[in-house]
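If you want it as structure tokens, here you go:
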């Protein structure tokens, strides 16, 4: 259940953005999650909802884009894609050499969607 | 309004880990993040490693546990600096926990620091603690399907110790198969089959550790 620790880190980044942009509500957060991370989307969602109760983030949704793994053979240069963790084998199917991983280790935030404080009504 | 924020979610931990790494580099300390599932033999490996190396290098240990100080007590008997971290429920050690433990260690008197992570094959792989290398243990009783089931830890590790090989006659599993499955996930892994019970294979591991420390010290 390290998703709770990940959600805590995410909340820190979101809170920082909320302050800097004077947001009064956060509606949506877009994330990129690589297939190589061991993040369980449902557990991250659950942790997020639990952590953000009674905050400006309450009710916000996490839009998680799962990033497949892409690699390239260090020997022959063949590009290999893995859409499912069951397919992981980082030895080249053609020449047997090591596949270097280029993408799929992501655990990043991309965009925050929220409502700004109305300048006229700000106190 | 939409605000683009392109950041690694774990950047706070990555930053702390980098600061720790710089500090350890400055002091010439080799840091190993030791990971495995519960009961694979992390503490036993530490005991054997200390017995073998305590007269050759200055070792120190940070013991991570969800609860209790049992492991720290086992290691403390060897008379080397040991700090206990209780994560109070968290399934892994992070950079901050190691940073908080540092005041209890004299970094000028340490050559190799081993951080024994919480027993877990998933979470510790995601959080750096300022280490040079991640080393993992898989015991033969856990089965050869573990690399496929927990790819991140195998991917992130530099060394895989296959422990409890003395039990091979009693389990439906063999070292070659585990090794083959692990190398599929990480072709660069250095693999040492060991037994903390019979001491088989342990010298290859301690020699690796000693050489890696010397290489780091020479390179600084």
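Protein chains in written order, with our numbering: chain A, 175 to 297; chain B, 12 to 231. Quick reminder that beta carbons are idealized off the backbone N, C-alpha and C, glycines included.
Quick one: measure Cβ to Cβ for residue 203 of chain B and residue 193 of chain B, integer angstroms, because I've assumed they're closer than 8 Å. Not quite, the Cβ-Cβ distance comes to about 12 Å (not below 8 Å), so this is no contact.
My understanding is that residue 205 of chain A touches residue 283 of chain A, with C-beta atoms under 8 Å, so please give their C-beta distance in whole angstroms. 6 Å
Chain-ordered chain B contacts of residue 234 of chain A [CB-CB under 7 Å]: Chain B residues near residue 234 of chain A: none, gap ~13 Å exceeds 7 Å.
Let me make sure I understand the geometry here. Which of B/195, B/57, B/223, B/229 has the alpha-carbon closest to that of residue 260 of chain A? B/195
Is it buried or exposed for residue 102 of chain B, if we count other Cβ within 10 angstroms and need 16 for buried? buried
Name the residues in the stretch 15-33 of chain B whose C-beta lies less than 9 Å from a C-beta of chain A; which are they? 15, 16, 17, 18, 19, 20, 21, 22, 23, 24
Which one of B/223, B/167, B/115, B/212 has the shortest CA to CA distance from residue 176 of chain B? B/212
If we call anything under 8 Å between Cβ atoms a contact, is residue 119 of chain B one with residue 38 of chain B? yes
For residue 99 of chain B, count the other beta carbons within 10 Å of its own beta carbon; 16 or more makes it buried, fewer makes it exposed. Which is it? exposed
Counting Cβ pairs closer than 8 Å, one from the stretch 25-35 of chain B and one from the stretch 244-263 of chain A, do we hit at least three? no
Which residues in chain A have a C-beta closer than 8 Å to the C-beta of residue 197 of chain B? List them in chain order. 264
Going by CA-CA distance only, name the one from B/73, B/67, B/184 that's closest to residue 113 of chain B. B/73
Chain-ordered chain A contacts of residue 166 of chain B [CB-CB under 7 Å]: 210
Helix, strand or coil: which one does DSSP assign to residue 82 of chain B? helix
Thinking just about the alpha-carbon of each residue, which of A/215, A/291, A/274 is nearest to the one in residue 198 of chain B? A/274
Within the continuous beta strand (DSSP E) that includes residue 298 of chain A, where are the two ends? Residue 298 of chain A is absent from the structure shown; chain A starts at 175 and stops at 297.
For residue 162 of chain B, decide whether its Cβ has a neighbour in chain A, counting only Cβ atoms nearer than 8 Å. yes
Are residue 180 of chain A and residue 20 of chain B closer than 8 Å when you measure CB to CB? yes
Can you tell me the Cα-Cα spacing of residue 189 of chain A and residue 13 of chain B, whole angstroms? 15 Å
So is residue 250 of chain A buried or exposed if we call it buried at 16+ other beta carbons inside 10 Å? exposed
So who's on the other strand from residue 186 of chain A, going by DSSP bridges? Paired residues: none, contrary to the question.
Helix, strand or coil: how does DSSP classify residue 117 of chain B here? coil
Can you pull the DSSP bridge partners for residue 147 of chain B? B/46, B/171
Could one say the Cβ of residue 179 of chain A lies closer than 8 Å to chain B's Cβ atoms, at least one of them? yes
For a contact meaning CB atoms closer than 7 Å, what does residue 198 of chain A contact in chain B? Those do not exist, as residue 198 of chain A stays about 11 Å from chain B at its closest Cβ, beyond 7 Å.
Per DSSP, what are the beta-bridge partners of residue 124 of chain B in this structure? B/42, B/71
Cβ neighbours of residue 80 of chain B in the same chain (closer than 7 Å, five flanking residues each side left out): 95
Can you round the beta-carbon distance between residue 8 of chain B and residue 59 of chain B to whole angstroms, since I take them to be within the 8 Å contact cut? Here chain B has residues from 12 to 231 only, and residue 8 of chain B is not among them.
From residue 292 of chain A to residue 185 of chain A, what does the alpha carbon distance come to, in whole angstroms? 23 Å
In the DSSP assignment, the beta strand (DSSP E) including residue 282 of chain A goes from what residue to what residue? 281-290
Suppose you measure from the CA of residue 127 of chain B to the CA of residue 75 of chain B; what does that come to, to the nearest Å? 6 Å
Residues in the same chain with beta-carbon distance under 6 Å from residue 289 of chain A, minus the five sequence neighbours each way, listed in chain order, please. 198, 199
Excluding the five sequence neighbours on either side, which residues of its own chain have a C-beta within less than 6 Å of the C-beta of residue 132 of chain B, listed in chain order? 48, 161, 164
How would you list, in chain order, the residues of chain A whose beta-carbon sits under 8 Å from the beta-carbon of residue 193 of chain B? Neighbours of residue 193 of chain B on chain A: none; closest Cβ ~11 Å, over 8 Å.
Check whether the Cβ atoms of residue 106 of chain B and residue 140 of chain B sit closer than 8 Å, and answer yes or no. yes
For the alpha helix (DSSP H) containing residue 107 of chain B, list its first residue and its last residue. 106-112
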